Structures are given as structure tokens and as C-alpha cells.
Amino acid sequence: MSMKISVPLAPARPATALMSIIGLVTTLAITGCATHERVVVREQVVVQPTIMRVPAPIHEERGAPPTVGWNWVPGHWKWEGHDWAWVHGKWVPDLVPPMPAIVVETVSPPPSPAHYWVPGHWVWRHDGAGWVWMPGRWLR
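As numbered in numbering that gives the first Met the number 0, residues 0 to 139 make up the sequence shown, in order.
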């Protein structure tokens, strides 16, 4: 005779099984929907342009004029290619008006980081032109 042994199984609980499945599906759905905000940081490098500022004036002794009617042209700085050069004051037989005020210039952005700005400045012309404004410019 054969004997069958029967092991009682836990009674099925459909509500518990359904809740477990819903919980698992919800967890998977939420995990799959998690978003990660992508943050892109862009640094803006600001290059400060080099400005070759005009040095302070140099005090010079005038001395006496060579003769009556001569006028003093004060010394002043002049841009000479790659640096400022001092132009010594001197006596001239011409009428010398005072050096005009510095012209306020708008400095445009540099053409490249290798360029430097030379500010505008007044220079004395001995050809009768008197004080002539040399506008500021970018040089390399």
C-alpha cells in the first residue's frame, strides 16, 4: 500500500500577495523614473587687458629763455614703439598754448589676449601744428 503524505500549505492570501506585487512594481517604477539633474558649469574667463599707462610727468627746471619772446614747451611722455619715452621740455620761438586736457577715450575689447592698450596722449609738433592728440590704440 502506498502512503501519501500531505503537507499542509499556508493558506493563500490573495490580498497580501497582491499588495506585495503592487509594492514591488511601484518601487521599480519609482527607481526607474529617478532623474538626476545634470549641472553644467561653465567658467567665463575674463582676461584683463594690459594698459600701458602714461607715467607721471617729470619735473624739469626751465631756466631762463634764450631771448625775449621765446616760450616753454613742457616736457611730456610720448609712446615710442614699445614703451613711453620722456620728451624734455624746451624753449621755442613760437607761441605755446597750454597742453589741452586729456581726451576721454572708450577702450574697445582687445583684438586678442596678446594685445595691449596704449592710451591717447598729447605730443608737441614743431612743424607749427602745436599740440596734437595721438589717439589710444591696441598694439601687439
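For each residue, glycine too, the CB sits at the ideal point set by N, CA and C.
Remember, predicted model here, so these are calculated numbers, not experimental data.
If you run the structure through DSSP and keep just helix, strand and coil, what is residue i?
i, result
"I50", "strand"
"G22", "helix"
"L17", "helix"
"W71", "strand"
"V86", "strand"
"M133", "strand"
"R139", "coil"
Which residue from the options puts its Cα closest to that of residue i?
i, options, result
"V95", "V45, H114, P73, H87", "P73"
"P148", "V106, P99, H87, G22", "A question about residue 148 goes unanswered here, because the residues of the chain that appear run from 0 up to 139."
"W85", "R61, V122, I50", "V122"
"P64", "I50, P92, G80, E79", "P92"
Please work out which residues of its chain come closer than 7 Å, Cβ to Cβ, to residue i, disregarding the five sequence neighbours upstream and downstream, and give them in chain order.
i, result
"P110", "W137"
"V39", "none"
Could you please give me the residues that DSSP links to residue i through a beta bridge?
i, result
"V39", "Looking at the DSSP assignment, V39 forms no beta bridge with any residue, so it has no partner."
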